[in-house]
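**Student:**
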Amino acid sequence: MAAGSISSSSFTRRRMNDEQDETPHILCYCGLRATLWTSWKETNPGRRFFHAQNLDLFDIQERGCGFFLWHDPELSERAKGIINDLKRDNKKLQMEISELKKSNMYIESAVDCNVLLEPVNNSVTMKLSDEICSFNRKFRVVIVVFVFTWIVMIWKWLV
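Under UniProt numbering, the first residue of the sequence shown carries the number 1, and numbering increases by one thereafter.
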């Protein structure tokens with residue numbers, strides 16, 4: 001849409017786009033072409049206006065030649081309310097998306113850790129399984145030796 005824009009919470013400047021080309025060439029008091037901006041303040045949401053190129057909207061001290069002209073007619077109170085409500089809803093949704101992205105990154109990193117640990121867990125499980133099998137074999141040998149020893153002792157005692 002716009003080739004370039006400068007934004008703040010209250011104003012958006014558009015330049016080098018179709019909208020700028022379709023607007024009349026308004027000159028400020030300095031004789032320069034006035035720049036088209038969009039107001040996003042609650043009192044005039046989405047309403048476009050012209051101001052001098054050397055006017056700094058963000059610096060009270062630097063006001064240039066002071067040229068200012070509304071491009072769009074004033075919105076009704078209902079339209080202003082709807083736009084402001086939509087802006088608030090949009091901001092809430094953007095914050096929710098941001099939180100969900102953070103949560104998703106956390107879940108993905110946890111899944112990645114689990115995937116990375118799975119081979120380690122498998123090798124540990126295999127080692128433990130081998131140790132258990134080894135202990136079971138040793139236990140069977142001990143039982144056999146114990147039973148054989150008891151049989152020998154009882155046989156010697158009886159004979």
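For every residue, glycine included, the Cβ atom is placed at its ideal position computed from N, Cα and C. Note that the structure is a prediction, hence the values are computed from the model and not measured.
1) Use the C-beta contact count for T35: other C-beta atoms within 10 angstroms, 16 or more gives buried, fewer gives exposed.
2) Specify the secondary structure class of L75 as computed by DSSP and reduced to three states.
3) Is the distance from the Cβ of F49 to the Cβ of I26 below 8 Å?
4) Taking 8 Å as the limit between beta carbons, can you name the residues of its chain near K82, skipping five residues before and five after?
5) Round the Cβ separation of N84 and P45 to the nearest angstrom and send it over; I've been treating them as touching at under 8 Å.
6) Rounded to the nearest angstrom, what separates R140 and V111 at their Cα positions?
7) In the structure shown, what three-state DSSP assignment does L93 receive?
8) Less than 8 Å between the beta carbons of R47 and S39, yes or no?
9) When we look at the beta-carbon of C28 and count the other beta-carbons within 10 Å, is it buried (16 or more) or exposed?
10) Could you check which residue in S109, G66 and R137 has the C-alpha nearest to that of C30?
11) According to DSSP, T125 sits in a beta bridge with which residue or residues?
**Tutor:** The relevant details are as follows:
1) buried
2) coil
3) no
4) A small fix is needed here, since residue 82 is Ile in this sequence, not Lys. Once the five neighbours on either side are set aside, I82 has no close Cβ partner at all.
5) 6 Å
6) 42 Å
7) helix
8) yes
9) buried
10) G66
11) In the DSSP output, where bridge partners are listed per residue, T125 has none listed.
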